[in-house]
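Visitor: The structure's right below; bear with me while I get my questions together.
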Amino acid sequence: MSINLLVPIVFNGLSLSAIYVLVALGFTLVFGIMRVINFAHGEFAMMGGFALLFFYSQLGLPYWLALPLVAPTVGLFGLVAERLVFRPLYAQELPSMIAGLGLSVALADGAVVLFDVHQRNIPSPFDDILTISGFTFPEDRVVVMVVAVAALIAFWLFVQYTAIGLALRTVAQDREMAEAQGIDTSATYRITFFLATGLAGLGGALFAQIYALSPYMGLVPLVKAFTIVIIGGLGSVPGAALGGVLLGMSESFLNTFYGASMAQFASFGAIILLLILRPWGLLGRPEV
Amino acid sequence: MQPVSVSMALPGQARQRVLRWVLIGILAAALLIWPLFTHDLFYTHIATLVLLYCIGAASLHLLVRLGQLSLCHAAFMGIGGYTSALLTTRLGWPFLPAFVASAIVPGVVALALGPILLRLRGVYFVMITYSFGELVRLLFNEWQSLTGGADGIFHIPPPHPFFATSREYYYFALVMAALCVGFTGRILSSQTGRFIDSIRESERLAQSSGVPVLRFKVMVFVLSCGLVGMQGSLMAHYIHYLSPGAFGFSESLNFLVFNVIGGMQTLAGPIIGAVFLVSLPEVLRGWVELQRVIYGVILIVVMLYAPGGLVMIGRRTLELLPIGRGGGS
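If you read the sequences in order, they're chains A and B.
The working numbering puts the first residue of the first sequence at -5, with every later residue one more than the last.
The working numbering puts the first residue of the second sequence at 9, with every later residue one more than the last.
Put into structure tokens, the structure is as follows:
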């Protein structure tokens, strides 16, 4: 395979991976810390898309102000959802998952009622094409990658080097022990949910900008998040990063050579294989 | 003293059994007679849909009782529907063998996948079935030479010229639904049903008591998928049309919601859930989107305040009334 073909494929794969990791990170975080499968995760990504549309296209805020505003806005909605739907169902895996399904349906179809079902575009301020030593890169994809990587680094620093981050890691390891040490686990749940939905919102905004924005767009990020966490291990943050990159790169390669549906079949096949050999994922830990 | 207490218990139990059969008899008579008193085909149409969905809801109940919440049930319904539709339209098979195939093909797929999927429990099983459901929908869409792609399959014949109208089909559906739901109920009340409950409560305990857990789970999965495949076939030959959109995630979700809202502990739950949730949207047609929003909200509210579903709410109200107290469990 010639380098001329390889570079665009790898570039495309990396920009896909960046978005996937953003979305899957929040999903795996919520499970790792709260033991909740948030079926409405994709809908928070969809909200991010609409938030960007509102701040950037409708209010006319500058892009570099509008995009950072998306995450906390969606995070606030996430907090409301956490209070109303998930908090009463803590530590009940299946009931909280079913309630999350309900939330997902209510949010997606609520968005249809509010915004109508048609697809929209968020015009990107970056429509140039960068040329580096003969290779061309669409500028908006470069921006997406930069934003995603910056958000991921910020998240990593927050979790590794702040007191709150330490509390989050403690709760993820052992909730009862953390509580015995005086950590307010309910507060860490709120922070987790705020962070996770905020990251999903940011991922969704970038996704909506590259592809299209519609009320039902949450389905795709959710399926991707499922795939990624099964590959990487549910609840594992490095696993989400690894799974996201693996999925993004392999999709980019398969898309180019075999088409989009082949890429989906292949990823499902890989999941099945993994479930037979290593049901807890590449970087997860087997549950007792 | 032991035998005395047994003989004391018998008359009460016998009375309850008689009472139950009387109730079933009244219900059956009502279901048989009411269409004769209405000329509005809209009602028989809705009733037919309700009956067909009862099959799928009851079949998913088998898996729910096992503790495995599947989100690809509609995919198996689709496999059954497409099997029977393709066999009758393309190969010109008569209805009956095609109908039998519509149970066998999903069953065989379930038999192949079951040993892998059913090793997973809880949320892992939910996620993998969700992905599988999406995959099957994609397959219906993309395999155009076989399935007709997004356009679907038209002109699927009725099972028999006699069942061409909705009132006649209603009776056909009634018989089929009664057979399928009865079969499900029979499984649940048999020794197998107790194995199913034991697996849900504790897989390890069941295993150590000598229940071949995985084999049982696969068997129940195969039965459940075969039954819902029959629903797919019956739907296809009733509506005379099939398309991939009818077998996606939202349809799988519906089956789960019937169980959740009706109540997951007894077979009556999914039946009641299906009756309410299939007939209500048909009656409230004008507001499709708002309806789905309400649907989502109801799901959350039931989980928060009435995890036992409508059956539980019904039982509570009966217990409050002085009459219902004797007949309680």
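Yeah, the Cβ is synthetic: ideal placement off N, Cα and C, and Gly gets one too.
Looking only at its own chain, which residues have a Cβ that is under 8 Å from the Cβ of K225(B), when we skip the five neighbours before and after it?
Guide: As a working mapping, residue 225(B) is identified with position 217 in the second sequence. Same-chain partners within the cutoff: L74, Q76, G122, L126 and I207.
Visitor: In the structure shown, what three-state DSSP assignment does F120(A) receive?
Guide: In the first sequence, residue 120(A) corresponds to position 126, counting from 1. Coil, per DSSP.
Visitor: Would you please state the rounded distance, in angstroms, between the beta carbons of I3(A) and F247(A)? I believe it to be under 8 Å.
Guide: Position 9 of the first sequence, counting from 1, holds the residue named residue 3(A). Position 253 of the first sequence, counting from 1, holds the residue named residue 247(A). About 6 Å; that satisfies the 8 Å criterion.
Visitor: Are any of the Cβ atoms in chain B nearer than 7 Å to that of I270(A)?
Guide: Numbered from its first residue, the first sequence carries residue 270(A) at position 276. Yes, because at least one Cβ of chain B sits closer than 7 Å to the Cβ of I270(A).
Visitor: Quick one: grab the DSSP three-state call for I177(A).
Guide: Counting from 1 along the first sequence, the entry for residue 177(A) is found at position 183. DSSP places I177(A) in coil when its eight states are reduced to three.
Visitor: Given this structure, state the Cα-to-Cα distance separating F221(A) from L298(B), to the nearest angstrom.
Guide: On the first sequence, residue 221(A) is found 227 positions in, with the first residue counted as 1. On the second sequence, residue 298(B) is found 290 positions in, with the first residue counted as 1. Per the sequence shown, residue 221(A) should be read as Thr rather than Phe. Those two C-alpha atoms are separated by around 31 Å.
Visitor: Hey, does I34(B) have any beta-carbon neighbour from chain A nearer than 7 Å?
Guide: Your numbering for residue 34(B) matches position 26 in the second sequence. Cβ-Cβ to chain A under 7 Å: no for I34(B).
Visitor: On the three-state DSSP scale, how would you describe R114(A)?
Guide: Along the first sequence, read from residue 1 onward, the residue named residue 114(A) stands at position 120. DSSP places R114(A) in strand when its eight states are reduced to three.
Visitor: Distance check for G227(A) and I266(A), CA to CA, integer angstroms please.
Guide: Reading the first sequence from its first residue, position 272 is the one you call residue 266(A). Reading the first sequence from its first residue, position 233 is the one you call residue 227(A). Distance between the alpha carbons of I266(A) and G227(A): 14 Å.
Visitor: Please report the distance separating the alpha-carbon of G278(A) from that of S139(B).
Guide: Here the question's residue 278(A) lines up with position 284 in the first sequence. Here the question's residue 139(B) lines up with position 131 in the second sequence. Whole-angstrom Cα-Cα distance: 20 Å.
Visitor: With 9 Å as the C-beta to C-beta threshold (strictly closer), list the residues of the region 220 to 232 of chain A near chain B in chain order.
Guide: F220, T221, V223, I224 and L228
Visitor: Could you give the distance in angstroms between the alpha-carbon of R48(A) and the alpha-carbon of A199(A)?
Guide: The count along the first sequence starts at 1 and reaches residue 48(A) at position 54. The count along the first sequence starts at 1 and reaches residue 199(A) at position 205. Note that residue 48(A) corresponds to Phe in the displayed sequence, not to Arg. The C-alpha of F48(A) lies about 11 Å from the C-alpha of A199(A).
Visitor: In its own chain, which residues sit with a C-beta less than 7 Å from the C-beta of S(-4)(A), not counting the 5 before and 5 after it?
Guide: Counting from 1 along the first sequence, the entry for residue -4(A) is found at position 2. For S(-4)(A), where only same-chain residues beyond five positions count, there are no Cβ hits under 7 Å.
Visitor: For the region 25 to 91 of chain B, list the alpha helix (DSSP H) runs that are entirely contained and at least 4 residues long, ordered along the chain.
Guide: 49 to 74
Visitor: Can you give the Cα-Cα distance for L68(B) and L44(B), rounded to whole angstroms?
Guide: Locating residue 68(B) in the second sequence gives position 60, counting from the first residue. Locating residue 44(B) in the second sequence gives position 36, counting from the first residue. About 32 Å.
Visitor: Hey, does V217(A) have any beta-carbon neighbour from chain B nearer than 7 Å?
Guide: In the first sequence, residue 217(A) corresponds to position 223, counting from 1. Contact with chain B is found for V217(A), since one of that chain's Cβ atoms lies less than 7 Å from the residue's Cβ.
Visitor: How big is the Cα-Cα spacing for Y183(A) and Y155(A)?
Guide: Counting from one through the first sequence, the residue named residue 183(A) turns up at place 189. Counting from one through the first sequence, the residue named residue 155(A) turns up at place 161. Taking the straight line joining both Cα atoms gives about 18 Å.
Visitor: Give me the DSSP bridge partner(s) of T130(A).
Guide: As a first step, residue 130(A) must be located in the first sequence, where it is residue number 136. Looking at the DSSP assignment, T130(A) forms a beta bridge with T125(A).
Visitor: May I ask you to report which of helix, strand or coil DSSP gives S337(B)?
Guide: As a first step, residue 337(B) must be located in the second sequence, where it is residue number 329. Annotation note: pLDDT 40 at S337(B) (below 50); position unreliable, coordinate value reported separately. S337(B) falls in the coil class under three-state DSSP.
Visitor: Which residue from M139(A), V136(A), Q167(A) and Y84(A) puts its Cα closest to that of N32(A)?
Guide: To locate residue 32(A), count along the first sequence from 1; it is residue 38. That would be Y84(A), whose Cα lies nearest to the Cα of N32(A).
Visitor: DSSP puts L360(A) in a beta bridge; with which residues?
Guide: Residue numbering for chain A in the displayed model covers -5 to 282; residue 360(A) lies beyond these limits and cannot be assessed.
Visitor: My output table needs one value for S(-4)(A): the three-state DSSP class, helix, strand or coil.
Guide: Along the first sequence, one-based indexing puts residue -4(A) at 2. Judged by DSSP in its simplified three-state form, S(-4)(A) adopts coil rather than helix or strand.
Visitor: Is the number of C-beta pairs between the region 117 to 130 of chain A and the region 101 to 108 of chain B that are closer than 8 Å three or more?
Guide: no
Visitor: I'd like to check one pair, F38(A) with A219(A): are the Cβ atoms closer than 7 Å?
Guide: Sequence index remark: in the first sequence, residue 219(A) carries index 225 (1-based). Sequence index remark: in the first sequence, residue 38(A) carries index 44 (1-based). Result no, Cβ atoms of A219(A) and F38(A) do not sit closer than 7 Å.
Visitor: Count the other CB atoms, across all protein chains shown, that sit within 10 Å of the CB of P169(B); report buried if there are 16 or more and exposed otherwise.
Guide: Start at 1 with the first residue of the second sequence, and residue 169(B) comes out as number 161. So P169(B) counts as exposed.
Visitor: Following the continuous alpha helix (DSSP H) through Q52(A), name the residue where it begins and the one where it ends.
Guide: Residue 52(A) sits at position 58 when you count from the first residue of the first sequence. That residue, Q52(A), is in no alpha helix (DSSP H); it is neither H nor E in DSSP.
Visitor: Which residue's Cα is closest to the Cα of G195(A): F5(A), F25(A), G36(A) and V30(A)?
Guide: The residue given as residue 195(A) occupies position 201 in the first sequence. That would be G36(A), whose Cα lies nearest to the Cα of G195(A).
Visitor: Determine the DSSP secondary structure at L126(B), reduced to helix, strand or coil.
Guide: The residue given as residue 126(B) occupies position 118 in the second sequence. In the structure shown, L126(B) sits in coil (DSSP, three-state: anything other than H, G, I, E or B).
Visitor: Please list, in chain order, all residues of the same chain as P165(B) whose beta carbon is under 8 Å from its beta carbon, the five residues on each side excluded.
Guide: Locating residue 165(B) in the second sequence gives position 157, counting from the first residue. Contacts found: T96, T97, F103, H245 and H248.
Visitor: Grab me the residues of M28(A)'s own chain with a C-beta within less than 8 Å of its C-beta, minus the 5 sequence neighbours each way, in chain order.
Guide: Counting from one through the first sequence, the residue named residue 28(A) turns up at place 34. Hits under 8 Å: F80, Y84, Y183, T186 and F187.
Visitor: Put L99(B) into one of helix, strand or coil per three-state DSSP.
Guide: Against the second sequence, residue 99(B) aligns to sequence position 91. L99(B) falls in the coil class under three-state DSSP.
Visitor: Give the residues of chain B in contact with G104(A), contact being defined as C-beta atoms less than 7 Å apart.
Guide: Residue numbering aside, residue 104(A) sits at position 110 when the first sequence is read from its first letter. Residues of chain B passing the Cβ test: V301.
Visitor: Taking contact to mean 3 or more Cβ pairs, one atom from each stretch, closer than 8 Å, check whether the region 191 to 200 of chain B and the region 57 to 72 of chain B are in contact.
Guide: yes
Visitor: Could you check if A174(A) belongs to the surroundings of the ligand MN, using beta carbon to heavy atom distance under 6 Å?
Guide: The model on display carries no ligand, and the ligand MN is accordingly not part of it.
Visitor: Please confirm if I92(A) has its CB atom under 7 Å from at least one CB of chain B.
Guide: For the purposes of this step, residue 92(A) is taken as the residue at position 98 of the first sequence. Yes, contact with chain B.
Visitor: Please name the residues in the region 209 to 238 of chain B whose beta-carbon is closer than 9 Å to at least one beta-carbon of chain A, in chain order.
Guide: none
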